[in-house]
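Numbering (my numbering), first residue to last: 15 to 95.
Backbone N, C-alpha and C define an ideal beta-carbon position, used for all residues, glycine too.
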């Protein structure tokens with residue numbers, strides 16, 4: 015199984031540990047993330063993000079993940095509640 019995320023996911027995932035001074039946790043997350051495929055934000059993805067945000071009110075990180083999925087032919091999008 016291939017796991018792919020937008021490059022922005024790194025910033026989103028690491029922000030919490032860094033905010034709380036949990037450097038060791040951030041390093042563990044970085045090790046896990048090293049196995050992921052990172053998808054850069056293209057202009058097409060950015061336009062789709064803008065449309066999603068305008069039409070749904072999604073926050074930028076969520077809209078970015080949703081817009082990235084079809085660009086890479088994803089069959090599933092997993093998120094947290």
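In the DSSP assignment, residue 52 falls within the unbroken beta strand (DSSP E) covering 51-53. Cβ-Cβ separation between residue 61 and residue 78: approximately 12 Å, too far for a contact (criterion under 8 Å). Put simply, the backbone Cα of residue 20 is about 21 Å away from that of residue 69. With contacts defined as CB atoms closer than 7 Å, residue 18 and residue 55 fail to qualify as a contacting pair. In the three-state reduction of the DSSP assignment, residue 18 falls in the strand class, which pools E and B.
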